[in-house]
Every structure is written in structure tokens, then in C-alpha cells.
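Right, one structure below, let's go through it.
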């Protein structure tokens, strides 16, 4: 079809749609709702995905946690962390021996009551080394981090998470102040950049970081049998080598712990990314499902177009007969009605996109869900609405194009 | 193009319809020749087959059997789109009920056939205006059909039939919906076009008064031609109008 006939068809289509304004608007409504639903649902779905990705990033990139104790030991299934089998030396050995590991930080943790002035707050104490910060992607909001010499000297210094600050200081600047952790005075050296929720829903800001040596000696205590024992080692793998580092660490730790080939591991290696990847893929399935349900309404909208186009063809039988009499060919009539159907669906699609974007903005505003409207989903929805017009407009248009001119002219 | 004297040649034409089991013979062995530039009225009672013949001559329908040559081209075997092309290029239709598109200006109505030409037409608007002027409606180009009288609407329809320079104008009861005075005005226009531009004109009518303006009257009955007479002195519509009211001539 050439441009001349296309513009003529569009003119005819616009006129026909304008004459039946109400009917055109109602027909479009089906497509509008369909497209808006697809866009809003996809936005909600990809918003959820984006949020999970953010959370994964928040726990630290390429993070692998080694926990002491095994899930099974000589056939007895135990919880991890029951036996303090890991040591600070293990952490040093990992960095030294495993070339796929970039950083490793041993950590001990436990709950403790903290006091500042008249306020007190129960929180998590994490005793660790300075490498813990880069491994967990933790930044400092104010002040500075403790150093290796602080660890060696068991300095009584602390880094505070936002939740702790909120509950102890109420707006006061905490840096340089003295707080008491289990009655031991600590100087606040710095404050941590807030991280929000972890993928498992824990508050990652309800924490105090102190040197591991101080934690063992003054706050959390230690097992008498193994002074060097730690609960866990946080390891950052070099980019793209997380699988490799797991194998290397497993081999190294088995060797260091003198485990025989028939003995079970006395440690557990957990790749955090894998855990949360599973969550992400379930969110993906969810958003696909939402989009699929929304597309059903788009198809219903298409059926509405087909219905109204059939009515329109019947109403304009005489006009079709006249056009045929003055020389309109099959494809002229076909394209005229197809253009009309596509105009309905594409106009509906455009309105649906606007409403869909507005709806997803309202959802994120009122329901506080993060939504992401991607240009791809807009383009896809627009394309799909056009296809709906072609698909559902074809049958009525064909019916018009193959009318018998004499019958059509006689139609009253 | 053929240079033969006859623009229409019909030989042993049959048209049979089937309504359920029943066979209805609308045209039975019709043979007919119409000379280039002639003005012919086809007459007969309803159901006599005159409209069926017009549909076939207008390439809207195909005969069951027989030969129809339009300007030397055998059209009985052409397909839908080829027939549409012939209707577009060679034939102008005028209908009893005008068949103008509502909510569409007179000018756009006249332009309609130019939309469907196989080659784009240069300046379709000017051509449509010229056609409107030839029926005396140039100043009504912007009016919509509902703003025009019946006679004016039929003149717009005639302009539409003329716009693509047809060889034949087929008019099916062109005055059937008009009063007698307006009917004569329409006949005056058709006669003028027939004489001035040499357009072969066929009208179907059951009114002898109207048929009297044609050069030749063909009578149908039961699907056959029963009488075919040439009028030596057809009525002149212009003169008739002057007699009714000299000042009102178009």
C-alpha cells in the first residue's frame, strides 16, 4: 500500500472513529486497561527484582561466608557454629594460600546491651578486623575505621550502625563519644553508611563493629580451650571466581584441620549470592506471571475491537458497496478497516502506557513498593497493542473487503 | 482501445440465480449492442431483468454465461480487482438514492473515485472542483450532503461519476427519488454531458417521461428484450425547463 492510500485510509478511519466517539472510547478502554495493566504489573515485578538485586549488592559483592562447625558430623546433624573450629589463623591462611580469595576477615558476634547516657539498646556486637568493611561493602558516614594496630592492641573503639545511633544518641553526634558495651567503655570512632534490610529481612544497621581482639577479651568472652577460635570468616572472592575460591578454601581448611578423607568437613562454606539468586529467580517468575495475567486483559480488549469492527462493517455495508462501485479494490477496503482497528488499538495503547506509568508511580508512592518502568516494556506494550489491532481487525476487515458489491449497495 | 463503433457488445447473455433449490433466470439470452456516445434508456417492470443487466454492464456482477465486451475488452472472465479497476477507469455510476457519504463534503465525495486509481492523480481536488462546476455546484463544494437538496445531491453524485473521465455513465433510476421538475434538471445535465463530452449514457427507468429524453429505448420483460426502439426526436430537457420557468434553467 502506498502512502497516498495510507493517509487516505487514516483520514477515513479518524472520521469514522470521531463520528462514534463514545463507542470508540469504550472500545479503546479495553486496550487501555490491558496495556496499563501490563505496564504496571511489569513495573511492580521488575521493581521487586531490582530491590532484591540491591539487597544482594548490599551484603557485599562476591561474599562467601565460612562458618565453623558442620551440618553433619560423624552422622550427627548439628547446627552450624556449634563447634568453634575456625581460627583467626585460618582467615590469614585463606588470604595467603587461596589465590581466588581477595580478602578474609574473621568475625565473632554476639548480643550485648549498650548504654549511652540515660539510653540503652540491645544490639549485635561484631568483633572483626578492618578488612570486614570492604568485604561487606560497608562505608563510613563519619569518623574513621579502626586499624590493624587497634586490633593488635585490643583498643576499645567502636563503629556504630545507624539503628544503634538512632536508639542511643537521638540526634547527638556520636563520633568521639564514649558508650558502654557490657559496662566496658568504648570510644565511637565512626559511623557506618546505612545498608537497610538484608535479603533475609534483617536490619543490617543494628550493629556495632569492634576489633576482634577486644570483643574476645572484653565483651563476648572466648572459649578457654581455643583462644583463637572464631565463629565465622567473611571472604571476598576475586571477581568471577566465587566457585573456585570455595574449592580452594575447602581443600585448605580440610588440610589445616587434619581431616581424613572419610571425615566430614568441620566447617560450612556458604555462597551468599547463590542463596539470594534463588530469591531473585522466584521474583522473576512472579513478575512473568503478573505480566501473563495482565496480557489476558489485552486479549479481551482485542476481542472488544473485533466486536466493534464487525458492527462497524455491518453498519457501513452501503458505504463499502459504494466504494467498491467507484473502484475500491479488495486491498483498499481491507486496509481501510485494518487501519481503523489498528488506530483504535494503538491509540488505546498510547493512553494505556500513560495510565500504566501513572499507576506504577502511584503504586510506588502509596504502597511503597519499588516499581521500575523500563523503556523495553513500554515499547513491547505498544508493539503488542498494534499487533492486537492487526490480529483482531483482520477478520472484520476481510469480511468487508470480500463483500458482494451489489448486495452491499442494496443493503439498507 | 478498440476503435469499433460499439462501446458495449453483449452476446447471448444469461444470468441465473439460485434461491435455495429454485432457479431464477434473471437474464435469458440477451444480445445487445450500444453505440459509442449513445443515450439509452432501459425500461421494464420490476423483476424484468433490467437492473441485473445494468449490474453486469457496470461490471458489478458477472454473467452466468455469454460474452460481454466493453470497448473491445471481454470482461466476463475478469476477477474482482480487475473489475474494480474497470469500474474505476471506465464507468461512472449514478444511483437512485445518490449514495453520497454522510458527514463528508461534496468535494470529498466527488474525489472518492480518484482515491482508488491505480496511478496517483495529479491535483485530485482541482479535478473534483472541475467536475462539480460542470454540474453547477462549484460554490457548494464544502457542503455536506445533509445541507443539500435532493437534486443537488444527485448532481454531486453525477460529478462523482464524471470525475475520472469515464466512457460510460450508468444511471439506475436517477430521478426515482426526485420531483418531476428536479428530474428534468438532472436529465438536462445528463443530456448535456452526453452531447458535450460524448459520454455514452445508460439509464434504467420505469418512467416513460424520463425515457423520452433518451435516443433509444430498450424494453425488458421476463429477462428478455421485448422491444428496442430508436427515438428520432427525443425530448430536450433544456427546452422543457425553459417552458416550465425560463429563469430557472440550469
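Chains as they are written, first to last, in this note's numbering: chain A, 6 to 417; chain B, 1311 to 1560. For each residue, glycine too, the CB sits at the ideal point set by N, CA and C.
- Just so you know, the alpha carbons of residue 203(A) and residue 70(A) end up roughly 15 Å apart.
- Under the 10 Å beta carbon count, residue 329(A) is surrounded by 16 or more other beta carbons and is classified as buried.
- Selection 1486(B), 1387(B), 1516(B) and 1416(B) evaluated against residue 1448(B) yields 1416(B) as nearest (Cα-Cα).
- Sequence-distant Cβ neighbours of residue 198(A) in its own chain, meaning closer than 6 Å and more than five residues away, are 144 and 146.
- Not a single CB atom of chain A sits nearer than 8 Å to the CB of residue 1373(B).
- With the criterion set as a beta carbon lying under 9 Å from some beta carbon of chain B, the stretch 386–402 of chain A has no members that meet it.
- The C-beta of residue 1426(B) comes closer than 8 Å to at least one C-beta of chain A.
- Against chain B, a Cβ distance below 9 Å from residue 285(A) picks out nothing, because the smallest value is about 56 Å.
- Not flagged as an interface residue toward chain A: residue 1439(B), since no C-beta distance is shorter than 8 Å.
- Taken through DSSP and simplified to helix, strand or coil, residue 147(A) comes out as strand.
- Residues of chain A with a Cβ closer than 8 Å to the Cβ of residue 1403(B) are, in chain order, 330 and 331.
- From the listed residues 253(A), 161(A) and 97(A), the smallest Cα separation to residue 222(A) is found for 161(A).
- No Cβ of chain B is located within less than 8 Å of the beta carbon of residue 11(A).
- The C-beta of residue 323(A) comes closer than 8 Å to at least one C-beta of chain B.
- Considering only 1339(B), 1425(B) and 1491(B), the residue with the shortest C-alpha distance to residue 1553(B) is 1491(B).
- The Cβ of residue 26(A) sits no closer than 8 Å to any Cβ of chain B.
- Between the C-alpha atoms of residue 182(A) and residue 191(A) there is a straight-line separation of about 8 Å.
- The Cβ atoms of residue 1469(B) and residue 1431(B) lie no closer than 8 Å to each other.
- Straight through space, the alpha carbons of residue 292(A) and residue 118(A) are spaced by roughly 42 Å.
- Per DSSP, the continuous alpha helix (DSSP H) segment holding residue 305(A) begins and ends at 277–320.
- Within the stretch 1342–1372 of chain B, the runs of beta strand (DSSP E) at least 3 residues long that lie entirely inside it are, in chain order, 1349–1353.
- Note: residue 126(A) is bridge-paired with 119(A) in the DSSP secondary-structure output.
- Of all C-beta pairs linking the stretch 339–351 of chain A to the stretch 32–39 of chain A, three or more are shorter than 8 Å, placing the two stretches in contact.
- Residue 1536(B) is classed as exposed because its beta carbon has fewer than 16 other beta carbons within 10 Å across all chains shown.
- Taking each of 250(A), 313(A), 111(A) and 129(A) in turn and checking the Cα distance to residue 153(A), the smallest one comes out for 111(A).
- Residue 262(A) carries a coil assignment under DSSP once its states are collapsed to helix, strand and coil.
- From the listed residues 95(A), 104(A), 266(A) and 367(A), the smallest Cα separation to residue 234(A) is found for 95(A).
- The contact set of residue 334(A) on chain B, defined by CB atoms closer than 8 Å, consists of 1390, 1391, 1394, 1395 and 1426 in chain order.
- The beta carbons of residue 1354(B) and residue 1531(B) sit about 6 Å from each other, so the pair counts as a contact at 8 Å.
- In the three-state scheme derived from DSSP, where H, G and I count as helix and E and B as strand, residue 1445(B) is classed as coil.
- Nearest to residue 1496(B) by C-alpha distance, out of 1429(B), 1459(B), 1341(B) and 1473(B), is 1459(B).
- Excluding residues up to 5 positions away in sequence, 1406, 1407 and 1460 lie with their Cβ nearer than 7 Å to the Cβ of residue 1487(B) in the same chain.
- Under the Cβ criterion of 8 Å, residue 327(A) is counted among the residues facing chain B.
- Contacts with chain B at 8 Å (Cβ-Cβ) do not include residue 44(A).
- Your pair residue 1327(B) and residue 1338(B) does not check out as a contact, with CB atoms roughly 12 Å apart and the cut at 8 Å.
- Distance from the Cα of residue 148(A) is smallest, within the candidate group 174(A), 226(A), 136(A) and 163(A), for 163(A).
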